[in-house]
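Number of protein chains: 2
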Amino acid sequence: MYKNEKSDEKFCMHPHGHSRGSHALVSDCADGIPRRLARAFILLFLAEGPSHGYEIARSFRESMPKGFCADPSVLYRMLKSMEEEGLMTSSLEESTSGPPRKVYSLTDDGYEALDMWASGLDGLSELLADFQKRYGRLRKGGK
Amino acid sequence: MYKNEKSDEKFCMHPHGHSRGSHALVSDCADGIPRRLARAFILLFLAEGPSHGYEIARSFRESMPKGFCADPSVLYRMLKSMEEEGLMTSSLEESTSGPPRKVYSLTDDGYEALDMWASGLDGLSELLADFQKRYGRLRKGGK
DNA sequence: ACTAATAGTGACAATTTGTCAATAGCTTAA
DNA sequence: TTAAGCTATTGACAAATTGTCACTATTAGT
């Protein structure tokens, strides 16, 4: 299963149209915000409280732009590798409404990683602000 | 040669420390902002005026955080693939101070792509603002 | 018994990056 | 005149990341 939302429309960030007919289509891009940023949000979710993969996936679906919501297997894979990196630990917990869940919680290294992401993302914000300023100048001044 | 800046310190975004001793080091991360964003800035540079690879590389070095400055070959490769996607065209121009340069300028598709990046990055900015808000709440309230 | 929601794993291909060697033109100074 | 050093670009290969999809398994409701 897991045939989730196909053909996203928003947050297109790499128009690889190959000149389809006359001009690039907007609707043919599937990703959006770089996938790696999902790690930052996973850390944030877990800092707000322990959780398991399926629930984290739901949080993404409910509060993030569609194009940013990875296929569940991608999410699970991230959780696994982040655990291997020592950013979180997991424990199986029985559920009343389905199979047992793997509940993750952050380690100290995980909190540290979150802090580093936070400052890294500050840098990214500045960069984006710069981009937008210069882009805005273009639209006013030239062309 | 091209042995450019080694061991960057800033804009670390993926601490993969594997618990080196006791806690993750900050200085062992080499990337930073996702490389793909460089494409947006390349388009921006070229929208500000035609340019060639070597100069674009210099612009990056001079106005972007170190970790975001790709190895020149990476930059050249991007330019090549973006040209293949029809976002820009190139023409060889003689230089008085070295070998001929490949000067790129944006096509209409290139300007369109820039516009799409601009709106995509708006979305990213919102996402980051959200992250920062939630991260800030954490630091005040809990833990 | 069947279906749907819940919960997670594994394998493989495709794409994107990182790294580094190689080529080549031009300028300056020993 | 030759070597050093900046300018300018290309190419190949390995490593890492991502996308896709099939698969297993438990529980709840009809």
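Just so you know, the sequences run in chain order A and B.
Be aware that the first sequence starts at 555, since it is given in the working numbering, and climbs by one per residue.
Be aware that the second sequence starts at 555, since it is given in the working numbering, and climbs by one per residue.
All C-beta atoms, glycine included, are put in the ideal place defined by N, C-alpha and C.
In this text, all values refer to a predicted model and were calculated from it rather than measured experimentally.
Considering only C-alpha positions, which residue in the set B/L598, B/P588, B/S605 and B/F595 is nearest to B/P654? Residue mapping note: residue 654 of chain B aligns to position 100 of the second sequence, counting from 1. Of the listed residues, the one whose Cα sits closest to B/P654 is B/S605.
Determine, using beta carbons only, whether B/L633 and B/G607 come nearer to each other than 7 Å. Indexing the second sequence from 1 puts residue 633 of chain B at position 79. Indexing the second sequence from 1 puts residue 607 of chain B at position 53. One thing to note: B/L633 has its Cβ within 7 Å of the Cβ of B/G607.
B/S617 to A/Y689, Cα distance in whole Å? Residue mapping note: residue 617 of chain B aligns to position 63 of the second sequence, counting from 1. Residue mapping note: residue 689 of chain A aligns to position 135 of the first sequence, counting from 1. So the two alpha carbons sit approximately 15 Å from each other.
Under the three-state reduction of DSSP, which class applies to A/L641: helix, strand or coil? Working through the first sequence from its first residue, we reach residue 641 of chain A at position 87. Note: A/L641 maps to coil in three-state DSSP.
Among B/G621, B/I596 and B/G603, nearest to B/I587 - alpha-carbon criterion: Your numbering for residue 587 of chain B matches position 33 in the second sequence. It is B/G621.
Got a sec? Which residues, its chain only, sit under 6 Å from A/E647 by beta carbon, not counting five neighbours each side? Working through the first sequence from its first residue, we reach residue 647 of chain A at position 93. If we look at A/E647 and ignore the five residues flanking it on each side, its Cβ neighbours are R655 and V657.
Identify the contact partners of B/F614 in chain A, using a Cβ-Cβ distance below 9 Å as the criterion. Reading the second sequence from its first residue, position 60 is the one you call residue 614 of chain B. What B/F614 touches in chain A: nothing, since even the nearest Cβ is about 11 Å away.
Give the range of the beta strand (DSSP E) segment to which B/R655 is assigned. On the second sequence, position 101 is the one that residue 655 of chain B refers to. First-last of the beta strand (DSSP E) with B/R655: G652 to L660.
Relative to the alpha-carbon of A/F614, which residue among A/E639, A/A592 and A/R691 has its alpha-carbon at the smallest distance? Here residue 614 of chain A corresponds to residue number 60 of the first sequence, with the count starting at 1. Here the closest residue by C-alpha is A/A592.
Separation of B/K687 from A/A667, as counted between CA atoms: The count along the first sequence starts at 1 and reaches residue 667 of chain A at position 113. The count along the second sequence starts at 1 and reaches residue 687 of chain B at position 133. Rounded to whole angstroms, A/A667 to B/K687 spans 17 Å at the Cα level.
Taking 7 Å as the CB-CB cut-off, is A/A611 touching chain B? The residue you call residue 611 of chain A lines up with position 57 of the first sequence. No, its Cβ sits nowhere closer than 7 Å to a Cβ of chain B.
For B/M670, tell me which candidate among A/T643, A/F685, A/C623 and A/S644 has the shortest Cα-Cα distance. Numbered from 1 along the second sequence, position 116 holds the residue referred to as residue 670 of chain B. Checking every option, the nearest Cα to that of B/M670 belongs to A/F685.
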